[in-house]
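Novice:
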Amino acid sequence: DKYPALHITIIGGGYVGLVTGTCLAHLGHDVTIVDIDETKISAINSAVPPIYENGLSELLKNHIGKNLRASTEYTSVSEGDVIFIAVGTPPNPDGSANLSYIRSAAENIANQLVKQRTSYPVIVVKSTVPPGTTQNIVGPILASKLPKQSFDCCMNPEFLREGRAIDDFFHPDRIVLGTTDEQTLNIMKNVYSGLDAPVLTTGSTAAEMIKYTANAFLATKISFSNEIGNLCKQLDVDVYEVMKGVGLDHRISPHFLNAGAGFGGSCFPKDVSALAVLSEAAGVHPILLQAVLAVNEAQPLQMIRILERHFPDLKEKRIAVLGLAFKDNTDDIRESRSIPVIASLLDKNAVPVCYDPMAGENMKHVFPNVLYCNSAKEALKNADACLVMTEWPEFSQLNEEFDGMKFRVIIDGRHILTIPDAEGVCW
Ligand code: UGA
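Under full-length UniProt numbering, residue 431 is the last one in the sequence shown; the count climbs by one each step, no gaps.
1. Go ahead and pull the three-state DSSP assignment for C272.
2. In terms of residue numbering, what span does the beta strand (DSSP E) encompassing C158 cover?
3. Do the stretch 255 to 273 and the stretch 70 to 88 touch if we need at least three Cβ pairs shorter than 8 angstroms?
4. Counting C-beta neighbours from all protein chains within 10 Å, is the total for D275 16 or more, i.e. buried, or is it exposed?
5. Using three-state DSSP, classify A74 as helix, strand or coil.
6. Take P176 as the anchor and find which of N333, F371, V355 and T24 has the nearest alpha-carbon.
7. Confirm the yes/no value for this check: CB of T132, any heavy atom of the ligand UGA, distance under 7 angstroms.
8. Please state whether the Cβ-Cβ distance between G327 and S348 is less than 8 angstroms.
9. Specify whether the stretch 114 to 122 and the stretch 177 to 190 touch according to this definition: at least 3 beta carbon pairs, one from each stretch, less than 8 angstroms apart.
10. Looking at C-beta atoms only, is the number of pairs between the stretch 156 to 163 and the stretch 34 to 49 that lie closer than 8 angstroms three or more?
11. Check D416 in the structure and name its three-state DSSP category.
12. Which runs of the beta strand (DSSP E), 3 residues or longer, sit entirely within the stretch 267 to 349?
13. Would you report the Cα separation of Y78 and G21, rounded to the nearest angstrom?
14. According to DSSP, simplified to helix, strand and coil, what is L22?
15. Cα separation between M393 and L10?
16. Could you please give the first and the last residue of the uninterrupted alpha helix (DSSP H) stretch that includes L235?
17. Quick check on DSSP: helix, strand or coil for L10?
18. Expressed to the nearest angstrom, what Euclidean distance is found between the alpha-carbon atoms of K65 and K44?
19. Quick one: measure Cβ to Cβ for N71 and V35, integer angstroms, because I've assumed they're closer than 8 angstroms.
20. Assuming the contact rule is C-beta atoms closer than 8 angstroms, residue 4 and A380 should be a hit. Round their C-beta distance to whole Å, please.
21. Which residues in the same chain have their Cβ closer than 7 angstroms to the Cβ of N234, if we skip the five residues on either side of it in sequence?
22. When the distance is taken between beta carbons, is A223 closer than 8 angstroms to F272?
23. Quick one: using the 10 Å Cβ neighbour count with 16 as the cut-off for buried, is E57 buried or exposed?
24. Where DSSP assigns a beta bridge to C390, which residues make up the other side?
25. Closest by CA to N219, which one among L239, V355, A280 and M192?
26. Please report the residue range of the beta strand (DSSP E) in which Y196 lies.
27. When you compare only the Cα positions, how much space is there between V203 and R412?
28. Closest by CA to E382, which one among P361, P397 and H30?
29. What separation, rounded to the nearest whole angstrom, lies between the Cα atoms of I226 and M247?
30. Closer than 6 angstroms by C-beta to L318: which residues in its own chain qualify, once you throw out the five before and the five after it? Chain order, please.
31. May I have the straight-line CA-CA distance separating T122 from I15, to the nearest angstrom?
32. The alpha helix (DSSP H) with P356 in it runs from where to where?
33. I221: buried (16+ other C-beta within 10 angstroms of its C-beta) or exposed?
34. Considering Cα atoms alone, identify which of T209, K215, A298 and A74 is closest to I40.
35. Shorter than 7 angstroms, the distance from the beta carbon of G233 to the closest heavy atom of the ligand UGA, or not?
36. What did DSSP end up calling D253 once you bin it into helix, strand or coil?
Structure representation (structure tokens):
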């Protein structure tokens with residue numbers, strides 16, 4: 005082996021913890037994933053991922069029971085070289101990040117280490133946390149129970165996209181290590197020595213800020229493209245042509261300039277809100293961040309506005325809603341742009357007829373009483389109009405399925421249809 009395998013414990017078997025843990029096992033480390041949820045733990049130990057992620061199931065099968073396992077106990081913390089905290093930081097009602105899971109993970113780690121430990125591990129914050137959390141919350145919780153200088157904290161943000169997380173893990177643009185301690189840095193470099201990527205070392209607070217800023221910047225690119233797109237629509241210009249021309253400037257880059265229904269997911273809306281809240285608290289009024297959120301809130305309703313140009317009264321109109329997940333290749337519906345669209349259709353007494361290749365079951369928890377179909381063709385049958393909400397590749401193949409519609413009003417919120425008469429939200 006090129007590098008020493010380490011004993012790694014990951015606290016949190018959610019999306020980030022599970023993907024990170026499984027990929028670290030694939031790099032050759034010995035990994036234990038700890039979570040309080042017993043059903044999740046037994047699913048992982050049976051090599052059945054509790055979430056859908058492209059390629060995860062195969063990786064899990066290769067490593068579970070060998071150099072990867074899951075447990076509800078913190079005991080593996082005692083033997084760990086490196087402990088990752090990868091628990092959730094859900095939003096509080098005011099948009100700030102709720103750090104109660106971070107706090108209890110740090111307390112549990114400290115309680116375990118104080119019991120049995122002779123030498124101490126590196127403790128790494130992987131969760132997305134507000135700047136200062138590692139230094140001012142995690143560090144002091146550990147220090148309150150453990151001998152001084154017996155452990156080190158590092159902040160190591162993740163940049164994984166759902167649906168492409170495994171590939172993103174193995175081919176990162178950069179690895180950010182937020183620690184100034186040389187010994188900790190050496191261990192962290194060993195953790196990732198199987199990867200070929202530039203390593204940036206910073207203070208822990210800067211590392212936390214890098215994560216929020218990266219997500220906020222990507223979200224800003226999308227909202228900016230949407231605002232320009234809405235203007236292009238009025239001027240009868242194709243925003244995709246415009247953004248192609250703009251994105252060829254290497255200072256801008258062609259990525260994340262896709263105008264349409266707006267951004268969803270568990271990260272962008274939550275992280276931009278959290279950054280705006282902490283900005284306000286720091287006395288810096290976040291004009292730009294608030295605008296990014298405001299554009300994104302309005303964007304799905306732009307689809308309804310376009311629909312109403314065709315049908316001023318939507319009452320009893322059958323509207324096929326294609327795509328319920330917040331993006332393609334996932335069953336995750338968190339902050340999906342379909343949610344405000346379906347809610348608005350119901351509000352206007354229209355009849356949404358929904359289809360998603362993967363996320364239908366999840367959406368039934370949000371809208372138990374709307375119609376769900378098993379195929380796009382079925383949803384389109386006799387529909388008065390169709391809204392494409394998610395960039396699923398299978399939607400780009402749709403063609404004669406549209407022939408089953410009552411009227412051919414087709415509004416493409418993701419610019420993926422290949423039929424000539426589809427209308428865009430922004431183009
Ligand atoms: C995002 C970031 O891309 C990851 O780098 C980051 O690690 C992750 O959040 C996180 O913080 O954990 P993710 O939320 O999985 O990843 O999804 P994205 O692929 O970034 O898409 C987010 C949303 O933006 C989707 O609803 C997508 O449809 C939308 N989007 C994306 C656009 O509307 N236009 C675009 O040009 C690109």
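For glycine and all other residues, C-beta sits at the position ideal for the given N, C-alpha and C.
As the structure is a prediction and not an experimental result, all values here were calculated from the model.
Specialist: The short version:
1. Here residue 272 refers to the residue found at position 268 of the sequence shown. It should be pointed out that residue 272 corresponds to Phe in this sequence rather than to Cys. F272 falls in the helix class under three-state DSSP.
2. Residue numbering aside, residue 158 sits at position 154 when the sequence shown is read from its first letter. Counting along the chain, the beta strand (DSSP E) containing C158 begins and ends at D156 to M159.
3. Verdict: no, contact absent.
4. As a position in the sequence shown, residue 275 is number 271, starting the count at 1. Taking every protein chain shown into account, the CB of D275 has 16 or more other CB atoms within 10 angstroms, so this residue is buried.
5. As a working note, residue 74 is residue 70 in the sequence shown. A74 falls in the strand class under three-state DSSP.
6. Against the sequence shown, residue 176 aligns to sequence position 172. Here the closest residue by C-alpha is T24.
7. If you number the sequence shown from 1, residue 132 lands on position 128. For the ligand UGA, at least one heavy atom lies less than 7 angstroms from the Cβ of T132.
8. Along the sequence shown, read from residue 1 onward, the residue named residue 327 stands at position 323. Along the sequence shown, read from residue 1 onward, the residue named residue 348 stands at position 344. No, Cβ-Cβ distance for G327 and S348 is not below 8 angstroms.
9. In short, these stretches do not touch, since the Cβ pair count stays below three.
10. These segments do not touch.
11. For the purposes of this step, residue 416 is taken as residue 412 along the sequence shown, with counting starting at 1. Three-state DSSP puts D416 in a strand.
12. Secondary structure in the stretch 267 to 349: the beta strand (DSSP E) runs of 3 residues or longer, each lying completely within the stretch, are 322 to 326 in chain order.
13. Here residue 78 refers to the residue found at position 74 when the sequence shown is read from its first residue. Here residue 21 refers to the residue found at position 17 when the sequence shown is read from its first residue. If you take the alpha carbons of Y78 and G21, they lie about 15 angstroms apart.
14. Mapped onto the sequence shown, residue 22 falls at position 18. L22: helix per DSSP, three-state reduction.
15. Stepping through the sequence shown from its first residue, residue 393 is reached at position 389. Stepping through the sequence shown from its first residue, residue 10 is reached at position 6. A straight-line Cα-Cα distance of about 43 angstroms links M393 and L10.
16. Walking along the sequence shown from the start, residue 235 turns up at place 231. Residue range S208 to L239 is occupied by the alpha helix (DSSP H) that includes L235.
17. Indexing the sequence shown from 1 puts residue 10 at position 6. Correct three-state label for L10: coil.
18. For the purposes of this step, residue 65 is identified with residue 61 of the sequence shown, where counting begins at 1. For the purposes of this step, residue 44 is identified with residue 40 of the sequence shown, where counting begins at 1. Put simply, the backbone Cα of K65 is about 15 angstroms away from that of K44.
19. As a position in the sequence shown, residue 71 is number 67, starting the count at 1. As a position in the sequence shown, residue 35 is number 31, starting the count at 1. At roughly 7 angstroms, the Cβ-Cβ gap stays under 8 angstroms, so N71 and V35 are in contact.
20. Only positions 5 to 431 of the chain appear in this structure, which leaves residue 4 out of reach.
21. Counted from its first residue, the sequence shown places residue 234 at position 230. Contacts found: Q306 and C430.
22. Along the sequence shown, read from residue 1 onward, the residue named residue 272 stands at position 268. Along the sequence shown, read from residue 1 onward, the residue named residue 223 stands at position 219. Closer than 8 angstroms, so yes.
23. Within the sequence shown, the letter at position 53 stands for residue 57. It counts as buried.
24. In the sequence shown, residue 390 corresponds to position 386, counting from 1. Note: C390 sits in a beta bridge opposite A324 and I414.
25. Looking up residue 219 in the sequence shown gives position 215. With distances taken between Cα atoms, N219 lies closest to A280.
26. By one-based count along the sequence shown, residue 196 stands at place 192. Where Y196 is concerned, there is no enclosing beta strand (DSSP E), given that its DSSP letter is neither H nor E.
27. As a first step, residue 203 must be located in the sequence shown, where it is residue number 199. As a first step, residue 412 must be located in the sequence shown, where it is residue number 408. Rounded to the nearest angstrom, the two C-alpha atoms are 52 angstroms apart.
28. Sequence index remark: in the sequence shown, residue 382 carries index 378 (1-based). Of the candidates P361, P397 and H30, the one whose C-alpha sits nearest the C-alpha of E382 is P361.
29. As a position in the sequence shown, residue 226 is number 222, starting the count at 1. As a position in the sequence shown, residue 247 is number 243, starting the count at 1. Distance between the alpha carbons of I226 and M247 is about 11 angstroms.
30. Taking the first residue of the sequence shown as 1, we reach residue 318 at position 314. The residues are K352 and A354.
31. For the purposes of this step, residue 122 is taken as the residue at position 118 of the sequence shown. For the purposes of this step, residue 15 is taken as the residue at position 11 of the sequence shown. Their backbone Cα atoms lie some 21 angstroms apart in a straight line.
32. Position 352 of the sequence shown, counting from 1, holds the residue named residue 356. Counting along the chain, P356 falls outside any alpha helix (DSSP H), though it belongs to the beta strand (DSSP E) covering V355 to Y359.
33. As a working mapping, residue 221 is identified with position 217 in the sequence shown. For the sequence presented, residue 221 should be read as Phe rather than Ile. In summary, F221 is exposed, with fewer than 16 beta-carbon neighbours lying within 10 Å of its beta-carbon over all protein chains present.
34. By one-based count along the sequence shown, residue 40 stands at place 36. Comparing Cα-Cα distances from I40 to each of T209, K215, A298 and A74, the minimum goes to A74.
35. The residue you call residue 233 lines up with position 229 of the sequence shown. Flag unset: Cβ of G233 not near the ligand UGA.
36. One-based indexing of the sequence shown puts residue 253 at position 249. If DSSP states are grouped into helix, strand and coil, D253 belongs with coil.
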